[in-house]
Structure formats: structure tokens, C-alpha cells
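Novice: Numbering that gives the first Met the number 0 applies: residue 0 is where the sequence shown begins, and numbers increase by one.
We treat Cβ as the ideally placed atom computed from N, Cα and C, and that holds for glycine.
Structure in C-alpha cells, see below.
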Amino acid sequence: MTFNYQAEQLHAEQCSLERLAQQFGTPLFVYSQQAILRNWQQFAAHWPAPHKLCYAVKANSNLAILQLLARHGAGFDIVSGGELARVLQAGGRAQDVVFSGVGKSHDEIAYALEQGIGCFNVESAAELERINDIAAAHQVIAPVSLRVNPDVDAQTHPYIATGLKANKFGIAMRDAKAVALKGQALKHIHMRGLDCHIGSQILTASPFLDAADRMLALVQELRAEGVAIDHLDMGGGIGIPYQHESQPDIASYLHILQQKAAAVGGLTLLLEPGRAIVGNAGVLLTKVEYLKPGEDKNFLLVDAGMNDLIRPALYQAYHDIVPVRQASGAASALVDVVGPVCETGDFFGHARHLSAQQGDFLAIMNAGAYGFTMASNYNTRPRAAEVLVQGDQATLIREREVLEDLWKGERLLPEERT
Ligand SMILES: *Cc1c(COP(=O)(O)O)cnc(C)c1O
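Below, the structure written as C-alpha cells:
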């Protein structure tokens, strides 16, 4: 394991987290390069070319992490023009990027076309027309995939959030044929493929395989109509165990997908994993500021807040919280671990058994995905620094924000006339 205790001190690879907390300050995100690459290999080793892996940038978009993945052959899945700019800044190539997202603006589409985007994952007929118009103005042909909503049965898989009829995402199954034929008829659209993304933090393969069956049936239906579908993108959404749940068997999922696609023939497969690549590869280090005994329970106030890691506040998400130094001497107590932000929702864990005293460091585990990327400056708090560890080397990959950063771009009013 990447994060483990050596001589009662929690380490990331060979780096002591207490040393990193002292050197770089807290709150601090620490990522392990070894863990990221190991996670990446879990996919790449079972995904031979021409199939492609497009890392979902929104999970963790630090330039160094994008650069690391690009060096290991990653393509990218983006949801904004800003994410495309990041990928390019990190040394990725636009042709290896697929552009997802339900609300692409005119400027984002134009920018993506100018850069030579690999594919637009189109979510509506209106978006298809907009892309066609902009491509015409740029005198180019836009490569397009249709994001279809496979409406995977919620009865059997209630945790799926984006793949149901009721969601804003994707084109309904029954409309897909009409939209594909429309795309086929538009002069500046090249209909390439189909894609779907049924949700996130899914811990079994069956909903993905149900979705694959529906998508493959649609591929055959569209081909029968003369639409030349040559790629199928099954999106991301593979979960990680946050609370010791059993982990999905990625190798077997990838093999079954390939078998299913081979039976249909002539398809390049794409996947867009995000969380599964970076989630367990990062921790958020935080310092205990105060112990606050309460009438019903005790609070452990830490220096990280919901602005640094919003998942508990946003989805009641569970994160393990562990002491960085194992034997601190303090007695184990039942505590709520809470941040300094002025919201009752600002918590990291309720009723946890923890022994900690003022000045101790804690590690909030599995904070590598949807941690820093969802961070904000709420309460005018500078965003945390980020460090990438490789063996016994630690590299600062994002400086902690300074106060001047917090009002960058803001203007005072002109002087009042007297
Ligand atoms: C968020 C997202 C992903 C990544 O999801 P994970 O759960 O992090 O794997 C992939 N594709 C699309 C379209 C997304 O919106």
C-alpha cells in the first residue's frame, strides 16, 4: 500500500507525512505518483490499442498530474474549455481529447475546433447544430460522438445518478437514431461514435455491462441505417472503496467489454476513468487546532474546511480520517471532525474514534479525486498547496494561495467626488 505506517508515522511512499505537513504547511494535498501509475496500469494493462483511455480531468486537474498521465499515454476527457487549456498546458494533445458536457458554449466549441479536438461528445440536437455552424465558419469537419442516456434500470442499481431518463445528461435512447441521422446529414459533422456515462462511484460491473449491451444494440441499429459508427465510449464512473466496500474487478470488466464489442465488430473502445485513477492516490493533511468538548459530543476542530474538500458536505461522503502519528499519547475519544468554515455542513466525519491533541496532524484519506478540483475560496480562505510524492522525493506541484491571490482581479470603486 502507498499510504502506510513506518515506525508509527504515516508515510506516502517513503515520505513522512508529518515532515511534509511541517515543510509545506496545512491544509495540504499529498498525492502518490506510484499509486496514480498503479491505478492507471490497472486499466492500461487490459486495454490494448486501438482502444483508448481518456482520463477525466475534472477528478484532479493539476498540471503535473495531467503531465504524468500524458507521459504514460493518456488521452483526456474534458468538460470545459478551461480543462482543454490545462491539458494543452500540461503537454497533452488536443487530438487525444474528448469533449463531454451538457452545456458547451460557442466559444468553447470554437476553441476546441481551433485546437483540433479528438471528438465532441454531443448531448443534444441543438448542440449538434451549433457545432455544425461553428465548424462551417471555421471550414472544418467536426468529429462527433452522441452521448446517449442508456436508462439503466434504477430498480437494480439505485446509486446511478446520470444514466436515467430523468437526468439532464445525454440524448434519450429513443431519440438517438433521429439525432444520428441528422448528424449524418450535416455537412460539417463527421459522425464517429456513441458514448455514455451512467454515473459515478459505481462499485459493481453489472450496470456498466447493462449499459454496454444497450449501447452495442444501438450501434447495430444505427449501422443498419447507414451511420458509420466506429467508436464506443463507455465513460467513467468506476468507484473506489471509501469505507472498505469491495472493489470492482477492473480487469474483468475491461475484458468483458472487449468481448462484447468484438462480437459486434469494427469498434474502437474508449473509457473515461477519473476517480479510479486518482481517488485513493491522495490524502488531505490537516492540523488539529482545537479540541472542543460539547454537551452531547466532542468536536475536533481542524484547519481544513469544506472549501478544501467539499465531498462530505455535498454528498455526505465518507472519508477515513487517521492520525499521522500513531501513538500520540492522547486517549481515544468519540469526536466529530469539523472545519473552521461558518456552515454546520462543514464537517469531515461524525462520531469517529480518534486520539488527537492540539497541533497533531490528521490525514483525510482518499482525497485525490474531487478534492482540490472542487475547492473554493469560501470564507476568504486561500486554497491548499499540493505535493506529489515519488519514493522519498516530494515535489510542490501547486503553491498555497497567498492573500493577494484572493482578491486578484477585484477593483475598488473610483474615488468619491466631493
Ligand atoms: C465525471 C465524468 C467522468 C469521470 O467520472 P469518474 O466517476 O470520476 O470516473 C467521465 N466522463 C464524464 C462524461 C464525466 O462527466
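1. Suppose contacts are defined by Cβ-Cβ distances below 8 Å. Is Asn-59 in contact with Phe-347 by that definition?
2. Under 8 Å between the Cβ atoms of Gly-169 and Glu-122?
3. Which residue spans inside the segment 269-323 form an unbroken beta strand (DSSP E) run of at least 3?
4. Who does Val-423 pair with in a DSSP beta bridge?
5. May I ask you to report which of helix, strand or coil DSSP gives Arg-92?
6. What separation, rounded to the nearest whole angstrom, lies between the Cα atoms of Arg-416 and Leu-402?
7. Assuming Asn-3 is part of the beta strand (DSSP E), what are its boundary residues?
8. Taking all protein chains shown into account, do 16 or more other C-beta atoms lie within 10 angstroms of the C-beta of His-254, making it buried, or fewer, making it exposed?
9. Three or more C-beta pairs under 8 Å: does that hold for the segment 355-365 against the segment 311-325?
10. If distances are taken between C-alpha atoms only, which option among Asn-297, Ile-140, Gly-304, Pro-47 comes closest to Ala-332?
11. Let me see if you follow: with CB-CB separation under 8 Å, is His-318 close to chain E or not?
12. In this structure, what does DSSP give as the bridge partners for Arg-351?
13. At which residue ranges does the segment 35-88 contain complete beta strand (DSSP E) runs of 3 or more residues, listed in the order of the chain?
14. Is the beta carbon of Glu-12 closer than 8 Å to that of Gly-390?
15. Taking DSSP as the reference, what is the three-state secondary structure of Ala-250?
16. Using DSSP's beta-bridge definition, name the partner residues of Glu-385.
17. Checking 8 Å against the spacing of the C-beta atoms, do Leu-299 and Val-334 come in under that value?
18. What whole-angstrom Cβ distance do Ile-201 and Leu-127 have, given they're in contact under 8 Å?
19. Along the chain, where does the beta strand (DSSP E) containing His-230 start, and where does it finish?
20. Would you please state the rounded distance, in angstroms, between the beta carbons of Gly-115 and Ala-136? I believe it to be under 8 Å.
21. So, with DSSP's three-state summary, where would you put Ser-15?
22. Looking at the structure shown, is Leu-112 part of a helix, part of a strand, or coil, going by DSSP?
23. Quick check on this structure: which residue in Pro-292, Trp-39, Pro-247, Ala-20 has the alpha carbon closest to the alpha carbon of Pro-206?
24. Give me the Cβ distance between Leu-269 and Val-151, rounded to the nearest whole Å; I'm assuming they're in contact under 8 Å.
25. Go ahead and pull the three-state DSSP assignment for Ala-368.
26. DSSP puts Val-97 in a beta bridge; with which residues?
27. Could you tell me the alpha carbon to alpha carbon distance between Thr-343 and Ala-177, rounded to whole angstroms?
Specialist: So, to answer that:
1. no
2. yes
3. 281-292, 297-301, 320-322
4. Only positions 0 to 417 of the chain appear in the structure, and residue 423 is not among them; the question remains open.
5. coil
6. 30 Å
7. 2-5
8. exposed
9. yes
10. Asn-297
11. The displayed structure is made up of one protein chain only, and chain E is not part of it.
12. Val-334
13. 51-55, 74-77
14. yes
15. helix
16. Phe-28, Arg-397
17. yes
18. 28 Å between Cβ atoms; not a contact.
19. 230-232
20. The Cβ separation is near 16 Å, so there is no contact.
21. strand
22. helix
23. Pro-247
24. 18 Å between Cβ atoms; not a contact.
25. coil
26. Asp-76, Cys-118
27. 48 Å
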